[in-house]
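Engineer: As you go down the protein sequences, you meet chains A and B in turn.
Letter by letter, the first sequence follows residues 1 to 123 in my numbering.
Letter by letter, the second sequence follows residues 1001 to 1123 in my numbering.
There are 2 protein chains.
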Amino acid sequence: MPWNLDSDRPIFLQIIEKIQTDIVAGIYHPGDKLPSVRELAQAAAVNPNTMQKALSELERTGLVYSQRTSGRFITEDTKMIQKLKSELAREVITEFLEHMQKLGFEKQEAIELMEQTIRGETK
Amino acid sequence: MPWNLDSDRPIFLQIIEKIQTDIVAGIYHPGDKLPSVRELAQAAAVNPNTMQKALSELERTGLVYSQRTSGRFITEDTKMIQKLKSELAREVITEFLEHMQKLGFEKQEAIELMEQTIRGETK
DNA sequence: ATTACTGTACTAACTAAATAATACAATAAA
DNA sequence: TTTATTGTATTATTTAGTTAGTACAGTAAT
């Protein structure tokens, strides 16, 4: 599972989004134990401090919790996860429509162009 | 016309995208004279150096050109503008589908959820 | 008890982006 | 000719993000 971090945006933000996404997509399951800060940092090829910063933020929002010395775990609150999934999807959709509108495409045009693009890819 | 710059990404990149977008959306027209570096910087509330950096990059790609002392102008190459519009639209579409896929939605699901979201907004 | 692993905290150094403050050459307008 | 405006260039400073290195306290396993 590659981390695919780019340098155009703060890395700790990209890490937060990556882990959030993996949770709502079901790659991490409720109650799962996360690798340690040091392991995650190595896997993502970033400094442990950067990983720690991202994890602290995920903890602040309640998506993960830490058990002082035994490790860090995904929340077991499935409703929270489901709600987050809806929120993130809505954000992505809204962002898409705004972008397309700024380029000069109305909502229906945007959808049509997308369907056309998909057909073009799979043919 | 607000600039809406956020601090999550390099400002000069956001400026580049903003001006690109305004050109392909027809807010700026081919041959139009742009405001001076200093005026643009003031309008966007950034340092002139930052604006200059963004404009230099736009110039490097050929989208604008500068006439040494009389100012900066939008390219008159309408084909280039049209091509850029298609490219940007394709990027936005691809990015959208990738994001949704990472959240666990297949292409068709993504489209359906988007249509559903639109109906929910306009009702 | 000792060992190894956990999260956490702290300080220093480095880098890229952004700001600040000028300066200069070219030209259109006065 | 003078003035104002243009793009452009240069140097210094500040700030946020990142890295580097180290340290400490708690706990499960040995």
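Backbone N, C-alpha and C fix where the C-beta goes; we use that ideal spot for every residue, glycine too.
#1: According to a CB-to-CB cut-off of less than 8 Å, which residues of the segment 2 to 23 of chain A neighbour chain B?
#2: Does any C-beta atom of chain B lie closer than 8 Å to the C-beta of residue 29 of chain A?
#3: Can a CB atom of chain B be found closer than 8 Å to the CB of residue 25 of chain A?
#4: Hey, which unbroken runs of the beta strand (DSSP E) at 3 residues or more fall wholly within the segment 1061 to 1104 of chain B?
#5: How about the segment 1061 to 1076 of chain B and the segment 75 to 83 of chain A: do they share at least three Cβ pairs that are nearer than 8 Å?
#6: Which of the residues in the segment 88 to 104 of chain A, read from start to end, lie with their CB under 7 Å from any CB of chain B?
#7: Below 8 Å, can you find three or more Cβ-Cβ pairs linking the segment 1029 to 1048 of chain B to the segment 115 to 122 of chain A?
#8: Answer with yes or no whether the minimum CB distance from residue 1117 of chain B to chain A is below 8 Å.
#9: From the DSSP output, in three-state form, read off residue 5 of chain A for me.
#10: Looking at the secondary structure, which residues open and close the alpha helix (DSSP H) in which residue 32 of chain A lies?
#11: Indicate whether residue 103 of chain A and residue 1008 of chain B have their beta-carbon atoms separated by less than 8 Å.
#12: Determine the DSSP secondary structure at residue 1010 of chain B, reduced to helix, strand or coil.
#13: On the premise that residue 1105 of chain B lies in contact with residue 45 of chain A, defined as a C-beta separation below 8 Å, what is that separation, rounded to the nearest angstrom?
#14: Considering only the beta carbon of each residue, do residue 54 of chain A and residue 16 of chain A sit closer than 8 Å?
Structural biologist: According to the data block:
#1: Those would be 8, 9, 10, 13, 21, in chain order.
#2: Chain B, which has no Cβ nearer than 8 Å to the Cβ of residue 29 of chain A, makes this no.
#3: It does: the Cβ of residue 25 of chain A has a partner Cβ on chain B nearer than 8 Å.
#4: 1064 to 1067, 1071 to 1074
#5: no
#6: 88, 89, 90, 92, 93, 96, 99, 100, 102, 103, 104
#7: no
#8: Yes, because at least one Cβ of chain A sits closer than 8 Å to the Cβ of residue 1117 of chain B.
#9: coil
#10: Per DSSP, residue 32 of chain A belongs to no alpha helix (DSSP H) and is neither H nor E.
#11: No, the pair does not count as a contact, with Cβ atoms beyond the cut-off.
#12: coil
#13: The Cβ separation is near 29 Å, so there is no contact.
#14: Their beta carbons are under 8 Å apart, which means residue 54 of chain A touches residue 16 of chain A by this criterion.
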